[in-house]
Amino acid sequence: MAGIEDNIDSASSTTTEMINTADTDKRLRTLTESGKELFENKQRKFLLKMQIVKSDLQLFARKIEPYSYELTSLQELKSDFMSGTVRYDTICKEYLDFLSRTNTAEGMDEVHKLSGEMQDFTHFVETESRRMNTFINELRAIERENTLASRSSRRSHSSRKTHSSSSSSVLARARAKAEAAKVKVQFAEKETLLLKEKALLEEKKSIEAEKVERKKADIEADLDLLSRQ
35 MAGIEDNIDS ASSTTTEMIN TADTDKRLRT LTESGKELFE NKQRKFLLKM
85 QIVKSDLQLF ARKIEPYSYE LTSLQELKSD FMSGTVRYDT ICKEYLDFLS
135 RTNTAEGMDE VHKLSGEMQD FTHFVETESR RMNTFINELR AIERENTLAS
185 RSSRRSHSSR KTHSSSSSSV LARARAKAEA AKVKVQFAEK ETLLLKEKAL
235 LEEKKSIEAE KVERKKADIE ADLDLLSRQ
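So for the sequence shown, this note's numbering puts the first residue at 35; every next one is plus one.
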């Protein structure tokens with residue numbers, strides 16, 4: 035697990051360095067109309083990828099509390115969350131590389147926006163990682179205590195029974211609360227899926243609209259040419 039977190043720290047650091055050095059070029063290019071269209075199409079695709087991965091990460095974060103009493107599930111959740119952060123950072127670096135290579139005012143504006151988004155993203159990752167680590171460490175401590183208690187021969191059978199009953203009651207209430215939270219997560223999963231589908235449909239609609247506009251422009255150009263003959 036530590037290896038994944040180290041990769042995230044390294045990736046985030048690299049992305050930050052890229053952002054800080056992205057606008058060192060003195061002369062910026064001006065996009066043509068067709069160039070601007072290509073730029074916006076590529077930009078939209080990157081932003082869509084980022085939005086989808088971010089929605090997955092937000093859903094993982096909402097699952098932390100419902101699984102806060104299940105060590106194995108929580109560890110798997112943390113692994114998925116960390117893998118998602120690496121994917122998000124990779125997309126951001128690819129997007130930043132694209133923006134830097136365009137060497138335009140539009141690209142540099144997006145670089146500065148991305149800088150702020152990456153700072154927010156880093157804060158989000160650190161906060162949710164701490165939450166998961168806290169729960170995981172608490173569950174491991176409980177496991178150790180239970181193991182020691184079960185091996186102890188100094189406690190009487192009655193005291194063990196009383197302690198066990200009290201602990202079971204607390205855990206039962208906690209698990210009931212976690213199960214109720216899982217129901218909310220199920221709705222959140224459906225919501226996330228629908229939002230993804232909506233985003234993909236909007237992207238498809240936008241692409242189709244651009245095709246129509248290009249076709250109209252071609253027709254208008256042909257008509258203009260014919261009118262001059």
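Cβ coordinates follow ideal geometry from the N, Cα and C atoms, glycine included.
Quick check on residue i: does DSSP put it in helix, strand or coil?
i: Thr106; result: helix
i: Thr161; result: helix
i: Ile98; result: coil
i: Arg262; result: coil
i: Ser193; result: A caution first: Ser193 carries a pLDDT of 49, below 50, which makes its placement in the model unreliable, though a value can still be read off. Helix, per DSSP.
Rounded to the nearest angstrom, what separates residue i and residue j at their Cα positions?
i: Arg164; j: Leu182; result: 27 Å
i: Arg135; j: Glu99; result: 42 Å
i: Leu173; j: Phe115; result: 19 Å
i: Arg63; j: Met142; result: 11 Å
i: Glu104; j: Lys147; result: 39 Å
i: Phe94; j: Leu229; result: 15 Å
i: Leu108; j: Gln153; result: 26 Å
i: Ser193; j: Ala175; result: Per-residue confidence for Ser193 stands at a pLDDT of 49, beneath the threshold of 50, marking its modelled position as unreliable; no derived number is given.
i: Lys79; j: Thr124; result: 14 Å
i: Glu140; j: Tyr129; result: 13 Å
i: Glu110; j: Lys97; result: 11 Å
i: Lys127; j: Glu151; result: 12 Å
i: Lys238; j: Glu254; result: 24 Å
i: Glu244; j: Thr138; result: 22 Å
i: Lys83; j: Asp252; result: 31 Å
i: Asn75; j: Met166; result: 37 Å
i: Glu71; j: Leu133; result: 14 Å
i: Asp258; j: Glu236; result: 33 Å
i: Phe155; j: Glu223; result: 21 Å
i: Gly69; j: Thr106; result: 50 Å
In the DSSP output, what is residue i paired with across the bridge?
i: Arg63; result: Thr138
Look at the Cβ atom of residue i, then the Cβ atom of residue j, and state whether they are nearer than 8 Å.
i: Tyr122; j: Val145; result: no
i: Thr226; j: Ser117; result: no
i: Ser113; j: Phe169; result: no
i: Thr66; j: Leu91; result: no
i: Gln77; j: Ala233; result: no
Cβ of residue i less than 8 Å from any chain B Cβ?
i: Arg135; result: The structure shown contains no chain B; it holds only a single protein chain.
Relative to the ligand GTP, is the shortest distance from any of its heavy atoms to the C-beta of residue i smaller than 7 Å?
i: Thr168; result: Annotation note on the ligand GTP: not contained in the displayed structure, which lists no ligands.
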